[in-house]
Structures are given as C-alpha cells and as structure tokens.
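Visitor: One structure follows; several queries about it will come next.
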Amino acid sequence: MLRVTLEDADSGRPAAEVSFSARRGTSPAALGGGMAAPTVLVVEDEEHLLQALCSSLVQEGYQVKTAQDGEQGLEVARSARPDLVILDVRLPTMDGREVCRSIRKESAVPILMLTAGDHEIDRVAGLEMGADGYVSKPFSMRELMARVKAMLCRSRMTPNHAPGDWPKVLRAGDLEMDLTSHAAKLQGQPLDLKPKEFDLLALLVSHPGQAFTREQVLQQLWGYDYAGDTRAVDVHIRWLREKIEEDPSHPRRISTVRGVGYRFEG
Ligand code: CA
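Now the structure itself:
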C-alpha cells in the first residue's frame with residue numbers, strides 16, 4: 010500500500026491523504042509515460058468521500074486537485090485549470106450550483122455534479138447551471154470512474170492533453186468560439202456578436218442537442234433575479250440566426266423545440 014498526501018492547489022496544505030495499492034499499476038507516472046495525465050478537481054466537503062474519490066482517481070491515473078468548500082473550489086478551478094470538475098451540490102461557503110455557474114462563465118470544462126439524492130430539483134438546477142452530468146449519492150465508484158472517463162473522452166481530453174490547457178475554445182463544425190477573448194468565427198470568418206449574443210451562442214454550443222427553455226436562458230444570461238421578459242430570448246435567437254444561419258427562416262443550427270425553447274444541433 011502506498012500513502013499519498015494530496016495537497017490543496019491553492020494553499021499547499023494537505024487536503025487529503027489517500028492510500029492505494031501499487032499493484033493496480035496505473036499510477037499517474039505509469040499512465041503518463043512522461044506525458045501529463047488529465048487533472049480532475051474534486052470539490053467535496055465530506056472528508057471520507059473526498060478521500061475515496063481521490064484514491065480512485067489516482068488509481069485510474071489522473072492527477073487530482075481538491076477543495077472542501079465552494080469558494081475554495083472556484084479558486085482551485087481557476088488556478089489549476091482542471092480537465093474535469095467533480096462538484097458536490099451542497100457545499101459550505103458557496104453552493105455547488107453557484108460554483109458551477111461561475112466556472113461555466115469562464116470555461117467549457119466538463120462538470121460532473123454529485124447530488125445528495127435522486128431529487129429532480131438538483132438535476133434541473135444543475136442543467137440550468139451548465140453542468141454536463143449528474144451522479145446521485147450513494148453511487149458506485151466504478152460507475153463514477155466510467156462517467157469521468159467518458160466525459161473526458163467526449164471533451165477530447167486524452168492523457169496526452171497538456172494540463173493548464175483549460176478547454177476554452179468551443180467548436181461545432183465550422184463554428185469556433187474562444188471563451189477567453191470572446192471571439193467567434195464561422196467558416197474562418199470573424200462573427201460580429203454582441204456580448205449577450207455571444208453568451209447565448211456559447212451556452213447552446215456547449216450543450217449540443219440539449220433543449221433550453223426560455224426561462225433557463227434568461228437565468229443563465231441575465232441571472233436568477235432578472236424578472237425579465239422571455240421574449241428577450243426570442244429576439245436574441247433571431248439576431249443570432251441572422252448571423253450564423255444560411256437561411257435564418259429555415260434554421261439548421263439553432264432549432265426551435267416546440268413547447269420547450271431552443272436547441273443547438275451541433
Ligand atoms: Ca456536501
């Protein structure tokens with residue numbers, strides 16, 4: 010058995026000590042072969058669960074960063090630029106949903122949320138916040154590891170992916186969006202988008218195939234407290250279609266989902 014102390018990325022304090030059996034043979038060094046393994050940030054306030062998650066992730070060959078409250082989680086996400094975030098919904102200092110929403114404003118990094126139970130409200134809230142997946146507690150560690158692997162593959166994160174290369178560029182066919190510079194291109198040509206148009210398109214493009222209600226879009230773009238008119242969403246969709254659709258009256262990229270809202274087709 011090997012004991013490993015995982016340091017909190019920000020403070021350098023030990024955040025968790027985990028044990029793992031070396032005979033599995035998939036330590037980060039073994040997997041990496043000189044190339045950096047993907048970094049997974051775990052934000053979880055329950056000590057035993059945090060340790061179990063770290064232990065399993067290390068065994069699978071990932072680099073692990075940890076945080077035990079929401080504010081610290083956001084700080085570590087910004088400093089460590091992980092390839093994937095496992096985020097508990099209920100956290101001290103800052104709610105997991107709020108952390109998710111804040112990360113999503115800055116990055117397209119895959120976020121897997123841990124919910125306290127199979128409560129629909131957690132799932133809906135998580136979707137609205139821009140999470141990519143959910144696992145209800147209690148969960149099977151094997152299943153969770155499979156989800157992590159699948160999400161990393163989907164975001165084209167391989168073990169060869171350089172850590173710190175925060176996935177900040179969204180691509181969908183000939184559409185490209187740089188979330189850092191807020192620049193978008195279509196077929197290599199710069200797209201002139203207003204800030205809200207950019208945010209709306211980024212929201213849709215980062216969740217291809219997922220239908221968003223007008224209320225969800227309002228909350229994402231204007232915040233929870235905004236008591237606005239959902240027609241603002243329709244107007245922005247229309248403007249976007251005029252800019253990115255070949256024929257705005259017969260949109261192929263952004264579909265209207267009858268009775269629901271809008272969906273990016275990918
Ligand atoms: Ca918790």
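The sequence shown maps to residues 10 to 275 in the working numbering.
Glycine is no exception: its CB is placed at the ideal position from the N, C-alpha and C atoms.
Since we're looking at a predicted model, the values are computed, not measured.
(1) Do you know offhand how far Arg262's Cα is from Glu255's?
(2) Below 8 Å on the Cβ atoms is my guess for Ile253 versus Leu213; work out the distance and round it to an integer in Å.
(3) Mind checking whether Trp248 and Glu274 have CB atoms under 8 Å apart?
(4) Which residues are close to ligand 1, meaning CB closer than 6 Å to any heavy atom, in chain order?
(5) Quick check on Phe207: does DSSP put it in helix, strand or coil?
(6) Helix, strand or coil for Asp97 per DSSP?
(7) Out of curiosity, what's the CA-to-CA distance linking Ile246 and Leu209?
(8) Can you grab the Cα-Cα spacing for the pair Pro37 / His57, in whole Å?
(9) What residue range does the beta strand (DSSP E) around Ser145 cover?
(10) Would you call the region 67-74 and the region 117-127 in contact, with 3 or more CB pairs under 8 Å?
(11) So for Ser264, helix, strand or coil by DSSP?
(12) Hey, would you say Pro260 sits closer than 8 Å to Leu161, going by beta carbons?
(13) Glu115 bridges to which residues according to DSSP?
(14) Is Lys187 helix, strand or coil by DSSP?
(15) So what does DSSP say about Arg90, is it helix, strand or coil?
(16) In whole angstroms, give me the CA-to-CA distance for Glu129 and Thr265.
(17) State the DSSP-derived secondary structure class of Met356, mapped to helix, strand or coil.
(18) Kindly indicate which residue of Val98, Gly79, Ser149, Glu107 has the alpha-carbon position closest to the one of Leu62.
(19) The alpha helix (DSSP H) spanning Ala46 covers which residue range?
(20) Can you tell me which of the three DSSP states Gly178 falls into?
(21) With a cut-off of 8 Å on the beta carbons, I'd call Leu123 and Met103 a contact; round off their distance for me.
(22) Spatial neighbours of Ala193 within its chain, please: C-beta separation below 6 Å, excluding the five flanking residues on both sides.
Guide: According to the data block:
(1) 9 Å
(2) Contact flag wrong, Cβ pair sits at about 10 Å.
(3) no
(4) Asp54, Glu55, Asp97, Arg99, Leu100
(5) helix
(6) strand
(7) 8 Å
(8) For Pro37, the predicted structure reports a pLDDT of 40, less than 50, and the residue's modelled location is therefore unreliable. A value from the coordinates is still provided. Rounded to the nearest angstrom, the two C-alpha atoms are 22 Å apart.
(9) 142-145
(10) no
(11) strand
(12) no
(13) Looking at the DSSP assignment, Glu115 forms no beta bridge with any residue, so it has no partner.
(14) Here the sequence assigns Asp to residue 187, which means Lys is not the residue at that position. In this structure, Asp187 counts as strand in the three-state DSSP scheme.
(15) coil
(16) With a pLDDT of only 48 at Glu129, under the threshold of 50, the placement of this residue in the model should not be trusted; the figure read from the coordinates follows. The alpha-carbon atoms of Glu129 and Thr265 are separated by roughly 25 Å.
(17) Within the shown structure, residues of the chain are numbered from 10 to 275, placing residue 356 beyond reach of any answer.
(18) Ser149
(19) Run containing Ala46: none; DSSP gives neither H nor E here.
(20) Checking the sequence shown, residue 178 turns out to be Val, not Gly. Strand.
(21) Not a contact, Cβ separation roughly 15 Å.
(22) Met186, Leu200, Leu202
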